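In this note's numbering, the protein residues as written are 7 to 271.
Where a beta carbon is used, it is the ideal one built from N, C-alpha and C, also for glycine.
Since the structure is predicted, the reported quantities are computational estimates derived from the model, not experimental observations.
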């Protein structure tokens, strides 16, 4: 890379410049500035202005594309979040009903067995009622924790799938955004690409690397496929992952803004 660029722009600035394909234009721009400083003619000034315009157009075009993909991801996050809220409300209502039912069954069993004990010499029936009441309470308690409402939720345009699979080209991310996610510096092998860093975070949180776990396999197929039956909890997790993705794309736009500010100096 041109040493003049290394002295003028930050590593992040050059990374984003390379991503949007303006490295050569930047080199021409720096050379044109040097030429004008040594020979401040109108012709050389016009050359700088023309390069400045072309760079500004390229940066603006890239910024619009970044905003577009960030907006799409934001919409998907909101969709998952809203349906998660709806399912959580249904789940809370169901838990309340089961809890009330369990308390009622326990109270009725206790009262009934107490009455039988007071009025009868045969204590077997009260024990049966107590055992039956206990079993009913246990069943209702079990249902509180296992009966989670689900909803069919599909995402044919799945940005998370693109990050997970990491193919050479992306169908959903603009080329420069995909380059930004997959770039790594060969001279710094200890610093993996942004995509790899995101994946490491997901795998650490959700333990998706444990292939032998059938539940994990199902979750990978759900999150990184076309969709399926989601609970409130899994939809919330999906929304968090999309939010993280959007945040990283926003950082890319900030790097683009910094690059533009360097050109204004």
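When rounded, the separation of the alpha-carbon atoms in residue 93 and residue 83 is 15 Å. For residue 229, there is no enclosing beta strand (DSSP E); the enclosing alpha helix (DSSP H) has its first and last residue at 220-229.
The beta carbons of residue 269 and residue 55 sit no closer together than 8 Å. Residue 52 and residue 35 have their alpha carbons spaced roughly 11 Å apart. Sequence-distant Cβ neighbours of residue 11 in its own chain, meaning closer than 7 Å and more than five residues away, are 20, 32, 33 and 36. Take residue 186, set aside five residues on each side of it, and the residues of its chain with a beta-carbon closer than 6 Å to its own are 25 and 258, in chain order. Here residue 253 is exposed, its C-beta having fewer than 16 other C-beta atoms within 10 Å. Residue state for residue 55 is assigned as helix, using DSSP reduced to three classes.
For residue 247, the CB contacts under 8 Å within the same chain, skipping 5 residues up- and downstream, are 166, 208 and 229 in chain order. With the rule of 3 Cβ pairs closer than 8 Å, the segment 66-83 does not count as touching the segment 43-52. If you ignore the 5 residues before and after residue 58, its C-beta comes within less than 8 Å of the C-beta of 35 and 269, all in its own chain and listed in chain order.
72 is the residue among 193, 72 and 90 whose C-alpha sits nearest the C-alpha of residue 180.
Counting only the Cα atoms, residue 81 lies some 19 Å from residue 237. In the three-state reduction of the DSSP assignment, residue 233 falls in the strand class. In this structure, residue 255 places its C-beta atom within 8 Å of the C-beta atom of residue 76.
In this structure, residue 212 lies away from residue 199, with their beta-carbon atoms at least 8 Å apart. In the DSSP assignment, residue 160 falls within the beta strand (DSSP E) that extends over 157-160. CA-to-CA, the gap between residue 267 and residue 86 works out to about 36 Å. With a contact defined as Cβ atoms closer than 8 Å, residue 233 and residue 159 qualify at about 5 Å. The Cβ atoms of residue 155 and residue 239 lie no closer than 8 Å to each other. Residues 181 and 184 of the same chain have their beta carbon placed closer than 8 Å to that of residue 175, with the five preceding and five following residues left out of the count. Within its own chain, the residues whose Cβ lies closer than 8 Å to the Cβ of residue 251, once the five positions on either side in sequence are excluded, are 79, 165, 166, 169 and 204, listed in chain order. Around residue 245, the same chain offers 83, 86, 87 and 90 as residues with beta carbons nearer than 7 Å, after the five sequence neighbours per side are excluded. Taking 8 Å as the cut-off, the beta carbon of residue 29 is found closer than this to the beta carbon of residue 23.
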